[in-house]
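Beneath this line is the structure, given in structure tokens, with notes to follow.
In our numbering, the protein residues as written are 22 to 173.
Right under this line is the structure:
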């Protein structure tokens with residue numbers, strides 16, 4: 022499974038105006054619903070917020086990677102939001118974020134969950150890739166870019 026398999030143009034929002042961390046997470050889950058894989062949205066919300074309470078997923082360098090294993094999905098789903106202006110996400114480095122990528126997956130598939138998190142991390146740790154993702158103005162541009170770099 023590739024990242025492109027858990028995203029579609031309806032699960033990506035560019036230049037969001039959300040300002041609070043909680044609102045961002047709710048919006049990500051709303052976007053992830055477009056996959057058709059969420060079976061219990063309330064459970065997904067509970068599990069994503071619980072994971073966030075353990076340790077902020079604002080991992081630094083202007084990015085956050087909220088994620089959760091949950092009974093509320095039948096398969097992996099994702100969402101991505103970029104922001105025109107950086108927003109506070111209680112990041113580990115203390116800096117605001119401009120890109121947030123959500124991954125949610127079935128709690129019984131830890132291996133694929135780790136594989137997807139690793140793929141996102143590899144892409145977002147590349148400064149050039151990260152900057153391009155933050156600058157795109159459409160979901161279609163992001164989808165095409167991810168198709169290219171995921172096979173790199």
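Idealized CB from N, CA, C, for every residue including glycine. Treat the numbers as computed from the prediction; the structure is a model and nothing was measured.
CA nearest to the CA of residue i, picked from the options
| i | options | result |
| --- | --- | --- |
| residue 114 | 143, 166, 121, 82 | 82 |
| residue 134 | 91, 50, 43 | 91 |
| residue 152 | 69, 166, 123 | 166 |
| residue 56 | 125, 136, 105 | 125 |
| residue 94 | 157, 69, 168, 41 | 69 |
| residue 35 | 85, 46, 136, 155 | 155 |
| residue 41 | 159, 104, 67, 142 | 104 |
| residue 172 | 67, 144, 159 | 144 |
| residue 249 | 112, 148, 101 | In this structure the chain extends from 22 to 173, so residue 249 is not present and cannot be described. |
| residue 107 | 23, 150, 39 | 39 |
| residue 150 | 96, 80, 120 | 120 |
| residue 109 | 84, 147, 96 | 84 |
| residue 170 | 148, 127, 63 | 148 |
Per DSSP, cross-strand counterpart(s) of residue i
| i | result |
| --- | --- |
| residue 78 | For residue 78, which the question treats as bridged, DSSP gives no partner whatsoever. |
| residue 94 | 59 |
| residue 120 | 84, 103 |
| residue 34 | 102 |
Outcome for residue i when other beta-carbon atoms lying within 10 angstroms are tallied against a minimum of 16
| i | result |
| --- | --- |
| residue 131 | exposed |
| residue 49 | buried |
| residue 65 | buried |
| residue 75 | exposed |
| residue 53 | buried |
| residue 168 | exposed |
| residue 98 | buried |
| residue 112 | buried |
8 Å Cβ shell around residue i - same chain, five flanking residues per side excluded
| i | result |
| --- | --- |
| residue 72 | 78, 87, 88, 89 |
| residue 164 | 25, 28, 29, 30, 33 |
| residue 117 | 83, 107, 108, 109, 110 |
| residue 141 | 24, 86, 122, 124 |
| residue 157 | 35, 103, 163, 166 |
| residue 22 | 97, 133, 136, 137 |
Contact set for residue i: own chain, Cβ-Cβ below 6 Å, skip 5 residues either direction
| i | result |
| --- | --- |
| residue 61 | 93 |
Contacts around residue i, its chain only, beta-carbon distance under 7 Å, and the 5 residues preceding and following it disregarded
| i | result |
| --- | --- |
| residue 139 | none |
Review point. In chain order, which alpha helix (DSSP H) runs of at least 4 residues are fully inside the stretch 137-172?
Key: 148-156, 160-171
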